[in-house]
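**Student:**
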Amino acid sequence: MQIRNATETDLTAIVQIYNAAIPGRIATADIVPVSVEDRLGWFRAHTPTSHPLWVMIGDATVVGWLSFQLFYGRPAYQETAEVSVYVSPSYQGQGVGKQLLAQAVAQSSFLGFTTLLGFIFGHNQPSLRLFEGLGFTHWGYLPRVAKLDGIERDLAILGRRISTAKSV
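Just so you know, the sequence shown maps onto residues 10 to 177 in this note's numbering.
1. How many angstroms separate the CA atom of Glu141 from the CA atom of Gly104?
2. Give the C-beta separation of Ser93 and Gln78 to the nearest angstrom, bearing in mind that I take them to be a contact with Cβ-Cβ under 8 Å.
3. Could you give the distance in angstroms between the alpha-carbon of Ala155 and the alpha-carbon of Val41?
4. Around the Cβ of Ser97, are there at least 16 other Cβ atoms within 10 angstroms (buried) or fewer (exposed)?
5. Pull up the CB-CB distance for Leu181 and Leu109, whole angstroms please, since I reckon it's below 8 Å.
6. Look at Asp114 and Leu143 and say whether their C-beta atoms are less than 7 Å apart.
7. Compute the beta-carbon to beta-carbon distance between Val45 and Arg13, rounded to the nearest angstrom, for a pair I have assumed lies under 8 Å.
8. Which same chain residues end up closer than 7 Å to Asp158 when comparing Cβ atoms and leaving out the 5 residues on each side of it in sequence?
9. Smallest Cα separation from Leu120: which of Leu49, Pro57, Val24 and Trp51?
10. Which value, in whole angstroms, describes the spacing of the CA atoms of Ile160 and Ala111?
11. Determine contact between the segment 20 to 33 and the segment 78 to 89, defined as no fewer than three beta-carbon pairs at a distance below 8 Å.
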């Protein structure tokens with residue numbers, strides 16, 4: 010399997026993988042499917058040198074993806090990125106998410122990031138284990154901040170320092 014920068018031709022597969030996660034109610038706060046058109050602006054906000062969007066290719070198709078997102082949108086946070094990982098249902102449990110997240114950790118300093126964050130539902134045990142297994146620790150917990158199908162859900166914030174930046 011190969012990890013590479015996503016191209017616009019990958020967007021349909023990226024959206025399909027994302028939409029496949031919606032019914033399970035553990036990986037996203039979206040409750041209805043999104044369209045390729047809905048995600049076009051989001052896609053174009055990612056660049057290979059700043060906040061990349063990567064896909065993993067297996068069997069000549071996109072089997073998972075990872076995005077680096079701006080955190081909080083203010084200049085003082087430019088060295089912090091939120092990472093999101095989604096894997097095709099037929100490839101879950103096969104190490105795709107781990108490979109993508111490990112690559113993100115390994116490449117973050119080259120992208121100028123000193124801190125990575127993951128925002129994960131408290132009941133999403135597979136994702137919590139994935140991030141914890143790659144050195145992320147619990148930095149915050151927001152109880153009952155989301156409501157999915159009438160059930161209030163908690164949000165865990167996991168973080169990892171990539172390098173120690175000297176503060177003034």
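Glycine included, each C-beta is placed from N, C-alpha and C at the ideal position.
**Tutor:** Reading off the structure:
1. One C-alpha to the other measures close to 14 Å.
2. Contact flag correct, Cβ pair sits at about 7 Å.
3. Rounded to the nearest whole angstrom, the CA to CA distance from Ala155 to Val41 is 15 Å.
4. With 16 or more other Cβ atoms inside 10 Å of its own Cβ, Ser97 counts as buried.
5. Here the chain covers residues 10 to 177 and nothing more, so residue 181 does not appear.
6. Per the sequence shown, the amino acid found at residue 114 is Val instead of Asp. Closer than 7 Å, so yes.
7. Going by Cβ atoms, the distance from Val45 to Arg13 rounds to 19 Å, so no, they are not a contact pair.
8. Closer than 7 Å at Cβ, skipping near neighbours: Arg34.
9. If we check each option's Cα against that of Leu120, Pro57 comes out closest.
10. Straight across, the Cα-Cα distance linking Ile160 with Ala111 is about 32 Å.
11. Contact between the segment 20 to 33 and the segment 78 to 89 is absent: fewer than 3 CB-CB pairs across the two stretches fall below 8 Å.
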